[in-house]
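Residue numbers (my numbering): 1 to 819.
To keep things clear, I will list the structure first and then write my remarks on it.
Structure, rendered in structure tokens:
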């Protein structure tokens with residue numbers, strides 16, 4: 001795949017000057033045989049001449065499929081300058097003509113009907129003197145491929161001087177919420193890849209990486225809402241693949257950026273990337289670091305049969321983080337590539353929170369007592385990832401084998417201290433109090449190996465491969481009661497838990513083009529064996545299962561600017577490791593979280609029907625059916641007033657709706673990208689503590705508008721807003737929330753230096769309120785994590801644009817479950 005994109009990029013850098021005559025109204029005999037070839041296929045023929053009309057023999061012709069840059073055929077013009085390409089499909093092609101005495105020529109040939117004859121004039125003038133181009137090729141802003149939607153970043157005027165994070169906001173169906181989350185509309189917990197390699201860091205670190213990456217370094221963004229068989233079947237969130245440009249310019253290049261953010265407290269972060277290419281060696285390094293201080297508020301209101309407990313909490317989170325990576329690869333020869341990548345992350349977070357619980361006895365409007373709880377929790381996390389990869393290209397047609405081996409290490413530790421005191425309404429202590437301390441740790445090791453083979457043939461393309469994974473997860477909790485200044489170990493609330501998981505997977509996929517149709521089908525099989533052991537309870541749980549995951553895609557191009565698509569895929573969602581630990585983790589005397597070692601995976605079936613019209617409109621109808629879904633339930637006890645959060649398989653869900661994306665440029669200085677989603681969620685629950693059925697309609701609206709303020713395109717302003725209507729999420733109802741953001745950026749020094757100012761959530765309306773009904777008692781939860789901020793950032797790009805090679809990774813899904 002890499003060689004295809006490199007060839008295509010080189011082609012478009014070449015000077016073009018073509019005068020071509022096309023006749024498609026009736027079949028025309030070929031230059032050599034004088035007939036039209038076999039029914040169902042087409043002939044492209046013609047003659048190559050110079051400006052004087054003299055024929056040019058021995059010209060080299062290369063014919064590519066434009067959709068994926070596959071080299072289809074080659075030819076040499078004869079003594080009369082004639083050439084012919086028989087047995088062609090009805091599709092868009094790219095033709096390159098080369099001759100030592102003439103300038104290279106490139107032209108796009110749209111869908112062939114019957115036979116097509118070209119008269120091509122080669123130019124001997126210098127490229128600096130070329131003025132006229134009669135045939136050009138330009139990728140559309142948005143492309144629909146059979147298994148993904150592609151945003152060609154360089155064709156968006158509004159992204160000049162912006163970052164990769166800004167570019168994501170333009171991708172069809174993608175929702176970026178400030179600096180906190182990236183989602184595909186209708187999905188959740190989306191995974192982000194760069195050059196097919198998952199970025200396995202925290203949400204904050206991911207945002208810093210994307211902010212440090214200039215949009216000018218991106219070639220395209222691929223939105224994969226229904227991943228094909230080559231990807232892990234785990235998760236129902238979809239994938240976003242950010243593909244960087246692949247130039248062969250030797251030398252060094254990179255970027256640096258820094259950001260100051262002011263909310264209630266100030267925060268700082270910065271980082272950069274560095275690329276170097278020399279001969280057969282290539283290196284890429286990234287580094288990002290930051291220090292944040294965030295303030296947030298929240299609470300919940302629980303109505304017990306005889307009392308009402310209202311909790312109001314605020315927290316201050318101080319965090320420092322660093323992540324860096326270094327990748328080195330080498331071309332062993334023209335067909336083989338080998339490389340290694342090392343990634344490390346470190347994070348230190350301390351959260352100080354205070355919660356006031358006011359207790360109202362039945363029928364009273366003033367509190368009868370108050371419980372004040374203070375919590376201090378420092379958390380340290382670190383991870384290391386080593387990835388080896390190898391690629392072998394069998395020939396120039398795209399046949400290749402790739403192999404990858406990964407080792408991932410994750411270590412997390414925390415030390416929590418909480419104190420709780422009871423007060424009468426007058427502020428006098430009742431004498432009841434609780435002081436406790438707990439320590440917890442988790443170590444995860446993941447070993448993964450994967451092999452993939454791609455075999456494109458003229459009549460069909462096939463791919464197949466396999467993957468093996470071994471996961472070892474160990475965690476512990478030590479709980480201490482504190483009295484008279486001494487800590488006493490509480491074995492009844494302490495625990496150790498070990499979990500292992502093995503998965504073997506095989507897949508096969510095939511694709512076919514036929515006239516205006518494209519088809520792709522795949523099948524993935526995964527066999528999983530798990531073992532969970534509670535050391536404290538001496539309880540062991542074994543489980544094994546084999547599942548098949550089919551995928552199907554169809555694409556119909558009615559015209560060049562109108563595309564219809566259909567896809568189906570079956571997916572699996574495995575529970576995170578923390579959900580499987582059976583022990584209770586106490587956050588306060590009145591709340592705990594409990595895992596479930598018997599938790600089973602959830603399965604989903606996804607159907608999508610899509611339509612694209614030019615760069616203007618993208619429409620999507622979708623249906624998602626989820627079976628055996630798992631989630632956590634907060635169950636309040638009306639007697640003890642303790643709320644236990646438990647993990648259970650109890651959900652069956654149905655979600656369907658329509659998504660419309662509209663990209664407008666009514667005038668040269670305005671680019672407006674708008675999205676509308678209207679959908680219905682229905683949840684059926686088998687747990688008696690929840691409502692048996694809950695459902696409802698909802699909608700999401702967003703508009704992102706970029707204004708170019710001067711002719712040079714160096715001063716840009718942006719106004720964006722979005723509104724989320726009330727919706728059903730699982731067994732809860734979520735209230736409406738929305739946001740208004742403003743920003744401006746200035747480009748200087750030949751657009752290499754960018755200064756940007758951004759105001760997020762100006763109206764302070766990005767607040768989430770959740771209504772729940774559990775165990776016969778209504779509950780209301782609300783939170784505001786301090787989204788209103790002012791951000792000032794600066795970024796500088798330097799050097800040549802170095803080559804970025806595609807990375808290969810095999811343990812993407814396993815690492816995602818550490819979060």
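Note that the Cβ used here is the ideal one computed from N, Cα and C, for glycine as well.
{"Item": "For residue 224 versus residue 151, is the C-beta distance shorter than 8 angstroms?", "Value": "no"}
{"Item": "Go ahead and pull the three-state DSSP assignment for residue 166.", "Value": "helix"}
{"Item": "Give the straight-line distance between the Cα atoms of residue 799 and residue 269, rounded to the nearest whole angstrom.", "Value": "23 angstroms"}
{"Item": "Whose C-beta lies closer than 6 angstroms to the C-beta of residue 562 among residues of the same chain, with five residues either side of it excluded?", "Value": "613"}
{"Item": "Which term fits residue 400, buried or exposed, when burial requires 16 or more other beta carbons within 10 angstroms of its beta carbon?", "Value": "buried"}
{"Item": "In the segment 549-581, which residue ranges form an unbroken alpha helix (DSSP H) of at least 4 residues, counting only runs that do not cross its ends?", "Value": "577-580"}
{"Item": "Taking only the alpha-carbon atoms, compute the straight-line gap between residue 336 and residue 597 and give it to the nearest angstrom.", "Value": "45 angstroms"}
{"Item": "Quick check: what's the CA-CA separation for residue 450 versus residue 232?", "Value": "11 angstroms"}
{"Item": "With 16 as the cutoff for other CB atoms within 10 Å, does residue 273 come out buried or exposed?", "Value": "buried"}
{"Item": "With distances taken Cα to Cα, identify the nearest neighbour of residue 250 among 283, 229, 409 and 234.", "Value": "283"}
{"Item": "Start and end of the beta strand (DSSP E) containing residue 241?", "Value": "239-244"}
{"Item": "Candidates 644, 245 and 481: which alpha carbon is nearest residue 633's?", "Value": "644"}
{"Item": "I think residue 371 touches residue 307, with their Cβ atoms under 8 angstroms apart; what is that distance to the nearest whole Å?", "Value": "Contact flag wrong, Cβ pair sits at about 12 angstroms."}
{"Item": "Rank 271, 593 and 124 by C-alpha distance to the C-alpha of residue 822 and give the top, closest one.", "Value": "Given that the chain is displayed from residue 1 to residue 819, the structure contains no residue 822 and the question cannot be resolved."}
{"Item": "Name, in chain order, the residues that DSSP records as bridge partners for residue 697.", "Value": "680"}
{"Item": "Quick one, which of 794, 795, 788 and 792 has its alpha-carbon nearest residue 296's?", "Value": "788"}
{"Item": "For residue 908, tell me which candidate among 317, 711, 554 and 752 has the shortest Cα-Cα distance.", "Value": "Here the chain comprises residues numbered 1 to 819, so residue 908 is not present and cannot be evaluated."}
{"Item": "Use the C-beta contact count for residue 149: other C-beta atoms within 10 angstroms, 16 or more gives buried, fewer gives exposed.", "Value": "buried"}
{"Item": "Grouping DSSP H, G and I as helix and E and B as strand, with all else coil, what is residue 68?", "Value": "coil"}
{"Item": "I need the straight-line Cα distance from residue 495 to residue 382, nearest angstrom please.", "Value": "22 angstroms"}
{"Item": "With which residues is residue 294 paired in a DSSP beta bridge?", "Value": "317"}
{"Item": "When we look at the beta-carbon of residue 560 and count the other beta-carbons within 10 Å, is it buried (16 or more) or exposed?", "Value": "exposed"}
{"Item": "Measure the Cβ-Cβ separation of residue 369 and residue 424 and say whether it is below 8 angstroms.", "Value": "yes"}
{"Item": "Could you check where the beta strand (DSSP E) with residue 383 kicks off and where it finishes?", "Value": "369-393"}
{"Item": "Starting from residue 624, trace the beta strand (DSSP E) in both directions and tell me its first and last residue.", "Value": "617-636"}
{"Item": "Throw me the rounded Cβ distance for the residue 521 and residue 552 pair, which I believe falls under 8 angstroms.", "Value": "5 angstroms"}
{"Item": "Would you call residue 134 buried or exposed, if buried means 16 or more other Cβ atoms sit within 10 Å of its Cβ?", "Value": "Confidence in residue 134 is poor, its pLDDT being 39 and thus under 50, which makes the residue's placement unreliable; the coordinate value appears in the next sentence. Looking at its Cβ environment, which holds fewer than 16 other Cβ atoms inside 10 Å, residue 134 is exposed."}
{"Item": "Pull up the distance between the alpha-carbon of residue 355 and that of residue 310, whole angstroms please.", "Value": "10 angstroms"}
{"Item": "Compute the Euclidean distance between the alpha carbons of residue 78 and residue 391, then round it to the nearest angstrom.", "Value": "38 angstroms"}
{"Item": "Using only the alpha-carbon positions, how far apart do residue 651 and residue 497 sit?", "Value": "26 angstroms"}
{"Item": "What first and last residue would you give for the beta strand (DSSP E) that runs through residue 353?", "Value": "336-361"}
{"Item": "Within this structure, are the beta carbons of residue 396 and residue 71 separated by less than 8 angstroms?", "Value": "yes"}
{"Item": "Confirm, please, whether the CB-CB distance from residue 142 to residue 663 is below 8 angstroms.", "Value": "yes"}
{"Item": "Rounded C-beta distance between residue 442 and residue 409? I'm assuming under 8 angstroms.", "Value": "Not a contact, Cβ separation roughly 12 angstroms."}
{"Item": "If we call anything under 8 angstroms between Cβ atoms a contact, is residue 420 one with residue 438?", "Value": "no"}
{"Item": "Evaluate the contact criterion for the segment 713-730 versus the segment 740-755: three or more CB pairs, one atom per stretch, below 8 angstroms.", "Value": "yes"}
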